[in-house]
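Taking it in order: structure first as structure tokens, then the write-up.
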Ligand code: SF4
Ligand code: MG
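In UniProt numbering, the protein residues as written are 1 to 328.
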């Protein structure tokens, strides 16, 4: 599949200061992540909070500047600094955040904010923009009554539909969704996820779908990458990866999620949850890993390609079976 979006070796370090007189601590949020998303394809990114998923999503869209690495969209490298032409092509890439209320302007009616991206990008006459906004609201399952309301008058699920309608107005080729349903009631989550999948498939939009919720990622994604402390530790076809997780961290995550059609033995991880400000040496997962060996404490495993499009970063699991070492 030809890639629409390619990220190569992306890295981002923050300087955090603890307290007023504290010395700055370097926090490596994302550490050498490479990925690609084909046209119309969905790549799910799963990981705990602090794994660098959101930073990765923002860098892929050019909303945050990486310290290292490169992103290309539709074959064109993202320029540095961002040019006007690249910003215009941003109309074809949109972000959906977790908090729909924060993403909406409280002073604008639903119709006006859905129409706004067309005005921003200078597309269409005012009357056409309003017509398209109303049609798009219908497409996301909102009635015309909602069009003249304000964000605070809507439910959380309705607001996220408005955000989605707004994002779709410029006919994007690529959406980054960062925990798009995490703030919604569980009963509403499924409706919004189904809508997202419907629209993504019918409009052929490529998507980077970020979530800590395996269940949701599994439903949405064709391929999945698992992140741990700023790195991808496993990647593969979604069905294969959930059926046969290889990396010890993925195994634990999958064992904790409800398994369709069968019981799975739950793997309980011990040790501290990941803290990006205190990254363990070697394999960052070693303090919690049931398979850890002496070499795991010293050398970080490279992401190795196994058969069937699977990539795994683990000395023990990928060791002898690995076909090729990933070029960094
Ligand atoms: Fe566990 Fe070692 Fe594999 Fe890391 S490299 S996941 S510590 S076995
Ligand atoms: Mg996040």
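All C-beta atoms in this analysis are idealised placements derived from N, C-alpha and C, irrespective of residue type, glycine included. It should be emphasised that the depicted structure is a prediction, and the values quoted were computed from it without experimental measurement.
Near residue 7, which residues of its chain fall below 7 Å by C-beta distance, leaving aside the five closest residues on each side in sequence?
33, 34, 35, 60, 69 and 71
So which of 16, 133 and 164 has the shortest CA-CA distance to residue 97?
164
CB contact check: residue 144 to chain C, cutoff 8 Å:
Of the protein chains in the structure, only one exists, and it is not chain C.
Other residues of its chain near residue 103: CB distance less than 6 Å, five sequence neighbours each side excluded
97 and 163
Decide if residue 314 is buried, meaning its Cβ has at least 16 other Cβ atoms within 10 Å, or exposed.
buried
Flag this pair as yes or no: are the beta carbons of residue 266 and residue 255 separated by less than 8 Å?
yes
Identify whether residue 177 lies in helix, strand or coil by the three-state DSSP scheme.
strand
Three-state secondary structure (DSSP) of residue 68:
strand
In the DSSP assignment, find the unbroken beta strand (DSSP E) run with residue 31 in it and report its ends.
24-38
Compare the C-alpha of residue 250 against each of 277, 282 and 289 and name the closest.
289
From the DSSP output, in three-state form, read off residue 172 for me.
coil
Which partner residues of residue 237 appear in the DSSP bridge assignment?
223
Start and end residues, beta strand (DSSP E) containing residue 188:
Run containing residue 188: none in the beta strand (DSSP E); it sits in the alpha helix (DSSP H), 186-203.
Within 8 Å, do at least three Cβ pairs link the region 208-228 to the region 39-49?
yes
Straight-line gap, residue 177 to residue 310 (C-alpha atoms, nearest Å)
23 Å
Using DSSP bridges, identify the partner residues of residue 207.
42 and 175
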